[in-house]
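Participant: Encoded as structure tokens, here's the structure I'll be asking about.
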Amino acid sequence: MKKILYTVFVMAAMAGLVLAPAGCGANDDGPNGASGIPAQGEPPADAPTVDSDGAATPPTDAPDAGGATAGASISPGFTGPVLDDLPPVPAEAEEGLVAETERDWAIARGMVDWIRAQRLESLPTGEVMAILSATFVGAPYEPGTLELPGEERLVVNLRTFDCVTLVEHALVLARLAADPAVDPDNEDAFGQAYRTELTDLRYRGGQIDGYPSRLHYFSEWIEQATDRGVLRDVTEEVAASAGALEMDDRPIHFMTSNPQAYRQLDEDPALLDDIRAVEERLSAVPRPFIPQDRIAQVEDGIENGDILAAVSSVDGLDIAHTGLALRHEGRLHMIHAPLVGDSVELTGRPLAERMQDISGQMGVRVLRPLAPGTSAPAGAPPGGTP
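Quick look at the structure:
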């Protein structure tokens, strides 16, 4: 019987223990981190350098997931889920040729079962996301997992992650765990519910209609999730305590300025018109952020599981990196899937110190996940911003 146990070291960190992050070592996104162009891994020689994960559609065997009560403190030795007899990964999946595998679904169902078995599903959505993302620490970072050959289709991969798919899957799992109508034992219905949640996060209006329908820019991802009542942008209120708010009104144009970095745009230049229309619409609305040198002053207002979006200093690019907030030894850190670390990890330094040393990141946006069933803002379109 195959049984793999992953220790959720971050749980112990929540209880004030001092533990070395498993699988992280000293790795962190340091100054002038490895460059990467969204979706295509290494950039062409003439493309701009992007520190850390690069971002509009970031460059893309997770820990196999398997009694604390809600609100209980985590004690030493607390462990994550255990799944037995996971299906093997087919060769096609290893080669990036399939959108999902039986192993992905076994992991997803096991994670939801485990959250409920620990009676954690009633915790705030962000807290559950932090717990879930901790179980993925050590899972490989892999760029381009959404870039399958052929037509655009939904990819469900819980074996490897990039900085955005880690956030997406943690959010979907937390929302499904909190919904009593979702039954992991009903595999067909569970799969449909998962696909619907993920599609609603990843595609404009929750509809897959070719490559341009994917929310390549994380600013649009935020916009649609906010419209749907999935999260709330708390950047302004977090910044208010120290007057630390700034607005980013720079135009967004990275993808249309670097079409050679995206296979789909390189193969079909006609798609550029659709991407350009999105860029122009996003550019018309200034985006709030907290400058990197003010994060330390406001970090007490950031909660476990808040989604952190690092604002890029690269011309034309909105967001450079994403992750989930987590307090460790009294300071704000981040669980993320960094390009330079090769796997999901907890940052080795507090977020405020880490960002000061990354030239490609100028600040952060803070998004707070909301409980399922939260009403969308008045006047918001039902499927997100068209």
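Residue numbers (my numbering): 1195 to 1580.
Note that the Cβ used here is the ideal one computed from N, Cα and C, for glycine as well.
Computed from a predicted model, the values in this text were never measured in an experiment.
Taking the C-alpha atoms as reference points, what is the distance between Val1558 and Leu1370?
Facilitator: Answer to the nearest angstrom: the Cα atoms are 28 Å apart.
Participant: Going along the chain, which residues of its own chain have a beta-carbon closer than 8 Å to the beta-carbon of Pro1453, five neighbours each way excluded?
Facilitator: Closer than 8 Å at the Cβ level, and outside the excluded window around Pro1453, lie Leu1459, Asp1460, Pro1463 and Leu1466.
Participant: Under a three-way DSSP split, which group does Val1306 fall into?
Facilitator: Looking at Val1306 - three-state DSSP - the assignment turns out to be helix.
Participant: Can you name, in chain order, every residue of its own chain whose Cβ lies under 6 Å from the Cβ of Leu1502, other than the five neighbours on each side?
Facilitator: For Leu1502, where only same-chain residues beyond five positions count, the Cβ hits under 6 Å are Gly1517, Ala1519, Met1528 and Val1558.
Participant: Go through its chain and collect everything with a Cβ distance to Gln1491's Cβ below 8 Å, but skip five positions before and after it.
Facilitator: Excluding positions up to five away in sequence, the list reads Ser1435, Ala1436 and Ala1438.
Participant: For Phe1448, report the span of its alpha helix (DSSP H) as first-last.
Facilitator: First-last of the alpha helix (DSSP H) with Phe1448: Phe1448 to Ser1451.
Participant: Counting C-beta neighbours from all protein chains within 10 Å, is the total for Gln1386 16 or more, i.e. buried, or is it exposed?
Facilitator: Exposed.
Participant: How many angstroms separate the CA atom of Val1283 from the CA atom of Arg1297?
Facilitator: Approximately 7 Å between the Cα atoms of the pair.
Participant: Pairs of beta-carbons, one from the segment 1415 to 1434 and one from the segment 1474 to 1491, closer than 8 Å: are there three or more?
Facilitator: Yes: the two stretches touch, three or more of their Cβ pairs being nearer than 8 Å.
Participant: In the DSSP assignment, what are the bridge partners of Arg1562?
Facilitator: According to DSSP, which records beta bridges pairwise, Arg1562 is partnered with Arg1426.
Participant: Whose CA, out of Pro1532, Tyr1405 and Ala1324, lies closest to the CA of Ala1364?
Facilitator: Looking at the Cα atoms, Ala1324 is the closest of the given residues.
Participant: Consult DSSP for Leu1211 and reduce its assignment to one of helix, strand or coil.
Facilitator: In this prediction, Leu1211 has a pLDDT of 25, which is less than 50 and means its spatial position is unreliable; what the coordinates show is noted afterwards. Three-state DSSP puts Leu1211 in coil, outside helix and strand.
Participant: Count the other CB atoms within 10 Å of the CB of Glu1474; is the residue buried (16 or more) or exposed (fewer)?
Facilitator: So Glu1474 counts as exposed.
Participant: Consult DSSP for Gly1567 and reduce its assignment to one of helix, strand or coil.
Facilitator: Of the three classes helix, strand and coil, the one that applies to Gly1567 here is coil, per DSSP.
Participant: Ignore the nearest five residues each way along the sequence and tell me which others in Arg1396's own chain have a CB closer than 7 Å to its CB.
Facilitator: Closer than 7 Å at Cβ, skipping near neighbours: Glu1362, Arg1408 and Leu1409.
Participant: Go ahead and pull the three-state DSSP assignment for Ala1531.
Facilitator: Looking at Ala1531 - three-state DSSP - the assignment turns out to be coil, as it is neither helix nor strand.
Participant: What residues are listed by DSSP as bridge partners for Ile1301?
Facilitator: Answer is none; Ile1301 lacks a bridge partner.
Participant: At the level of alpha carbons, what is the spacing between Gly1404 and Ala1311?
Facilitator: Those two C-alpha atoms are separated by around 39 Å.
Participant: Who are the Cβ neighbours of Ala1321 in its own chain at under 6 Å, not counting the five residues just before and after it?
Facilitator: Checking the sequence, you will find Glu at residue 1321 rather than Ala. Asn1498 and Gly1499, listed in sequence order.
Participant: Going by DSSP in three states, Pro1482 sits in which element: helix, strand or coil?
Facilitator: Residue state, collapsed to three classes: strand.
Participant: If you count every other CB in all the chains shown that lies within 10 Å of the CB of Glu1315, and 16 or more means buried, which is it?
Facilitator: It counts as buried.
Participant: Tell me Leu1520's beta-bridge partners as DSSP assigns them.
Facilitator: Paired residue(s): His1527.
Participant: Given this structure, state the Cα-to-Cα distance separating Val1292 from Thr1339, to the nearest angstrom.
Facilitator: In a straight line, the C-alpha of Val1292 is about 10 Å away from that of Thr1339.
Participant: Ser1506 bridges to which residues according to DSSP?
Facilitator: Per DSSP, Gln1555.
Participant: Only counting the same chain, and skipping five residues up and downstream in sequence, which positions put a Cβ closer than 6 Å to that of Glu1336?
Facilitator: Counting only Cβ-Cβ distances below 6 Å, and skipping sequence neighbours, we find Thr1354.
Participant: When DSSP labels each residue in this structure, what does His1515 get in the three-state scheme?
Facilitator: Residue state, collapsed to three classes: strand.
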